[in-house]
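Engineer: Once you've had a glance at the structure underneath, I'll fire off some questions.
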Amino acid sequence: MITKSGGEYPYLMEAFGPIPAYLFSWTSLIVMKPSSFAIICLSFSEYVCAPFYSGCKPPVTVVKCLAAAAILFITTVNALSVRLGSYVQNFFTAAKLVIVAIIIISGLVLLAQGNTKNFENSFEGTKVSVGSITLAFYNGLWAYDGWNQLNYITEELRNPFRNLPLAIVIGIPLVTVCYILMNIAYFTVMTPTELLQSQAVAVTFGDRVLYPAAWVVPLFVAFSTIGAANGTCFTAGRLIYVAGREGHMLKVLSYISVRRLTPAPAIIFYGIIATIYIIPGDINSLVNYFSFAAWLFYGMTILGLIVMRFTRKDLERPIKVPIFIPILVTLIAVFLVLAPIISKPAWEYLYCVVFILSGLIFYFLFVYYKFGWAQKISSKYQQKAHCATLPHLSCFHPHFLMTGSHMDSRFHLLFRGHKVLFPLCRLWVYPQSPLFL
């Protein structure tokens, strides 16, 4: 329906106007996207460290330093070249498919041999409170949070009216089936308690099933997570670019390299924020706060679809779902946002809401009223950003639109001549990995 890049951003802009769209970009660029990037790189680091610290937890400093190195590597690759990022992604995607196949096949073999003990009384000892169920949903849905990633690069897709729905219809069910089969495989050799206590679930699975080739699992899982982080960096850079283009962020973030055709300033900014999140954060707390903010805006976006059914009847809708589906998803989003606050209030949720609303201060100062003194501050920091990140300003263009005709999209590189395989790009850019849940 809307062919602009930026994920939820253009939908919120079209349905509710600039303020909700700005708050989404503000929260996404400062909280949701960088924390997602940090979580995946922390997961990568834990899997890499696990074989070297058998039987004990890796030192926190080592884990965080390795995660920061992963962020630096991915940011550099995506800032340098779309083609290089494509090659890196292709390699890691192949590794992801290999390890997924190994774990699923091993699990199905064990299941056929009668290893079903851990499926008996599966919910014994679990809590049934509303808050516990919601937090469980947060952790479960985190693994599927890549379902909307293609919408962040709609402008770079060839024939999005056809290919985007095709990728969604085939890609999401395919990923869902893989995730479910992998979790079934885990339970063939681990009890729920053992699974929760494991620092790296797939490594534990490999140690028990694939010995003496158990080293294969942490290696390929590390490849999988670094590939997921690479896809996240690619799409998040485009959101920052679009927000800068619309005037909702520093204009320098909307610049792209004329020579390399990458939104380098946006990607570098994203990498810096993600690195900051690694310093104090751990995976579980980051997932909870990420999910709270994410589902707040998911609900607003789906509500926007309902609103536009009545306010924007003129928009072309290649696919039109029954209205009860967006209504149901909106109600689920409301439940996921309110339930943990009502059942188990925590100051952190209030801090999250206050931070989101604090974006209004910057919106009215720098975007809406454009006070002279505010513009001077903005220009000052923008010039510093130029000096720090763009030493050769002539290499960057501020109004160069990243469309299919201007940029050789990674999807074009990967699936050129293979229209049947295009839906697999949904698996290709899925940012979250099921292997560490």
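Numbering follows our numbering, in which position 155 of the sequence shown is assigned residue number 161; successive positions increment by one, without gaps. From the three backbone atoms N, C-alpha and C, an ideal C-beta is built for every residue, glycine too. Small disclaimer: the values here were computed from a predicted structure and weren't measured.
(1) For the alpha helix (DSSP H) that residue 354 lies in, which residues bound it at each end?
(2) Take residue 39 and list the residues in its own chain whose beta-carbon comes closer than 6 Å to its own, dropping the five residues that flank it on each side.
(3) If we ignore side chains and look at the alpha-carbon of each, how far apart do residue 234 and residue 272 end up?
(4) What do you get for residue 374, buried or exposed, if any count of 16 or more other CB atoms within 10 angstroms of its CB means buried?
(5) What did DSSP end up calling residue 186 once you bin it into helix, strand or coil?
(6) Going by beta carbon distance, what residues of the same chain come within less than 6 Å of residue 124, once the five residues before and after it are set aside?
(7) Taking buried to mean at least 16 other C-beta atoms within 10 Å of its own C-beta, is residue 369 buried or exposed?
(8) By DSSP, does residue 49 sit in helix, in strand, or in coil?
(9) Going by the beta-carbon positions, is the gap between residue 245 and residue 116 smaller than 8 Å?
(10) Closest by CA to residue 70, which one among 278, 163, 203 and 49?
(11) Over what stretch of residues does the alpha helix (DSSP H) that includes residue 22 continue unbroken?
(12) Going by DSSP in three states, residue 129 sits in which element: helix, strand or coil?
(13) Restricting to runs no shorter than 4 residues, where is the alpha helix (DSSP H) found entirely within the stretch 63 to 145?
(14) Measure the C-alpha to C-alpha separation of residue 170 and residue 300 and round it to an integer number of angstroms.
(15) Unbroken alpha helix (DSSP H) runs of length 4 or more, entirely within the stretch 269 to 344: which are they?
(16) Distance check for residue 347 and residue 282, CA to CA, integer angstroms please.
(17) Please work out which residues of its chain come closer than 7 Å, Cβ to Cβ, to residue 147, disregarding the five sequence neighbours upstream and downstream, and give them in chain order.
(18) Alpha carbon to alpha carbon, how far is residue 75 from residue 47?
(19) Does residue 188 pass the burial test, meaning 16 or more other C-beta atoms within 10 Å, or should it be called exposed?
(20) Run the CB neighbour count on residue 236, radius 10 Å, all protein chains shown included, and call it buried at 16 or more, exposed below.
(21) Taking the alpha helix (DSSP H) that residue 471 falls in, what are its first and last residues?
(22) Whether or not the stretch 216 to 233 and the stretch 89 to 108 are in contact is what I'm after, with contact meaning three or more pairs of Cβ atoms, one per stretch, closer than 8 Å; do they touch?
(23) Mind checking residue 423: buried by the 16 CB within 10 Å criterion, or exposed?
(24) Could you give the first and the last residue of the continuous alpha helix (DSSP H) run that contains residue 250?
(25) Alpha carbon to alpha carbon, what distance is there between residue 42 and residue 353?
(26) Restricting to Cα atoms, I'd like to know which of 175, 221, 278 and 164 is closest to residue 44.
(27) Rounding to the nearest angstrom, what Cα-Cα distance links residue 19 and residue 359 in this structure?
(28) Answer yes or no: do residue 263 and residue 247 have a C-beta to C-beta separation smaller than 8 Å?
(29) In the structure shown, what three-state DSSP assignment does residue 216 receive?
(30) Tell me whether residue 60 sits in a helix, a strand or coil according to DSSP, three-state version.
(31) Of the choices 270, 143 and 63, whose alpha-carbon is the least far from that of residue 86?
(32) Is the stretch 164 to 181 in contact with the stretch 23 to 30, if contact means three or more CB pairs nearer than 8 Å?
(33) DSSP state of residue 350, grouped into three classes?
(34) By Cβ distance below 7 Å, which residues in the same chain neighbour residue 254 in space, the five residues on each side in sequence not counted?
Structural biologist: With the given structure in hand:
(1) Walking along the sequence shown from the start, residue 354 turns up at place 348. Run containing residue 354: 353 to 368, per the alpha helix (DSSP H) assignment.
(2) Position 33 of the sequence shown, counted from the start, is the residue given in the question as residue 39. Taken in chain order, the residues that qualify are 242.
(3) In the sequence shown, counting from the first residue as 1, residue 234 sits at position 228. In the sequence shown, counting from the first residue as 1, residue 272 sits at position 266. Residue 234 and residue 272: Cα-Cα distance of roughly 19 Å.
(4) Looking up residue 374 in the sequence shown gives position 368. Residue 374 comes out exposed.
(5) Walking along the sequence shown from the start, residue 186 turns up at place 180. In the structure shown, residue 186 sits in a helix (DSSP, three-state: H, G or I).
(6) Here residue 124 is taken as the residue at index 118 of the sequence shown, counted from 1. Contacts found: 193 and 197.
(7) Counting from one through the sequence shown, the residue named residue 369 turns up at place 363. Looking at its Cβ environment, which holds 16 or more other Cβ atoms inside 10 Å, residue 369 is buried.
(8) Taking the sequence shown and counting its residues from 1, one reaches residue 49 at position 43. The answer is helix: DSSP assigns residue 49 an H, G or I state.
(9) In the sequence shown, the residue the question calls residue 245 occupies position 239. In the sequence shown, the residue the question calls residue 116 occupies position 110. Against a cut-off of 8 Å, the Cβ pair of residue 116 and residue 245 comes out as no contact.
(10) The residue labelled residue 70 in the question sits at position 64 within the sequence shown. Nearest option by C-alpha distance: 49.
(11) Taking the sequence shown and counting its residues from 1, one reaches residue 22 at position 16. Its alpha helix (DSSP H) spans residues 14 to 22.
(12) Reading the sequence shown from its first residue, position 123 is the one you call residue 129. DSSP places residue 129 in coil when its eight states are reduced to three.
(13) Counting only runs of 4 or more, we get 66 to 86 and 88 to 118.
(14) The residue you call residue 170 lines up with position 164 of the sequence shown. The residue you call residue 300 lines up with position 294 of the sequence shown. Their backbone Cα atoms lie some 22 Å apart in a straight line.
(15) Restricting attention to alpha helix (DSSP H) runs no shorter than 4 residues, the stretch 269 to 344 encloses them at 270 to 284 and 289 to 317, ordered along the chain.
(16) In the sequence shown, counting from the first residue as 1, residue 282 sits at position 276. In the sequence shown, counting from the first residue as 1, residue 347 sits at position 341. Rounded to whole angstroms, residue 282 and residue 347 show a C-alpha spacing of 26 Å.
(17) Sequence index remark: in the sequence shown, residue 147 carries index 141 (1-based). Within the same chain, residue 147 has close Cβ partners 297.
(18) Residue mapping note: residue 75 aligns to position 69 of the sequence shown, counting from 1. Residue mapping note: residue 47 aligns to position 41 of the sequence shown, counting from 1. Distance between the alpha carbons of residue 75 and residue 47 is about 9 Å.
(19) On the sequence shown, residue 188 is found 182 positions in, with the first residue counted as 1. When all chains shown are included, residue 188 counts as buried.
(20) For the purposes of this step, residue 236 is taken as residue 230 along the sequence shown, with counting starting at 1. Residue 236 should be labelled buried.
(21) Absent from the structure is residue 471, since the part of the chain shown begins at 7 and ends at 443.
(22) yes
(23) Residue mapping note: residue 423 aligns to position 417 of the sequence shown, counting from 1. Interpretation of residue 423 is limited by its pLDDT of 36, a score under 50 that renders its predicted location unreliable; the figure taken from the coordinates is listed afterwards. Exposed is the call here.
(24) In the sequence shown, residue 250 corresponds to position 244, counting from 1. Per DSSP, residue 250 belongs to the alpha helix (DSSP H) from 222 to 251.
(25) Here the question's residue 353 lines up with position 347 in the sequence shown. Here the question's residue 42 lines up with position 36 in the sequence shown. Going from the Cα of residue 353 to the Cα of residue 42 covers about 21 Å.
(26) In the sequence shown, residue 44 corresponds to position 38, counting from 1. Nearest option by C-alpha distance: 278.
(27) The sequence position of residue 19 within the sequence shown is 13, counting from 1. The sequence position of residue 359 within the sequence shown is 353, counting from 1. Cα to Cα, the separation comes out at about 20 Å.
(28) For the purposes of this step, residue 263 is taken as residue 257 along the sequence shown, with counting starting at 1. For the purposes of this step, residue 247 is taken as residue 241 along the sequence shown, with counting starting at 1. Cβ distance not < 8 Å, so residue 263 and residue 247 don't count as in contact.
(29) Walking along the sequence shown from the start, residue 216 turns up at place 210. Here residue 216 sits in coil by DSSP.
(30) Counting from one through the sequence shown, the residue named residue 60 turns up at place 54. Annotated three-state conformation of residue 60 is coil, per DSSP.
(31) Walking along the sequence shown from the start, residue 86 turns up at place 80. Comparing Cα positions, the closest option is 270.
(32) no
(33) By one-based count along the sequence shown, residue 350 stands at place 344. Coil.
(34) As a first step, residue 254 is located in the sequence shown; it is residue number 248 there, counting from the start. Here the set comprises 28, 31 and 373.
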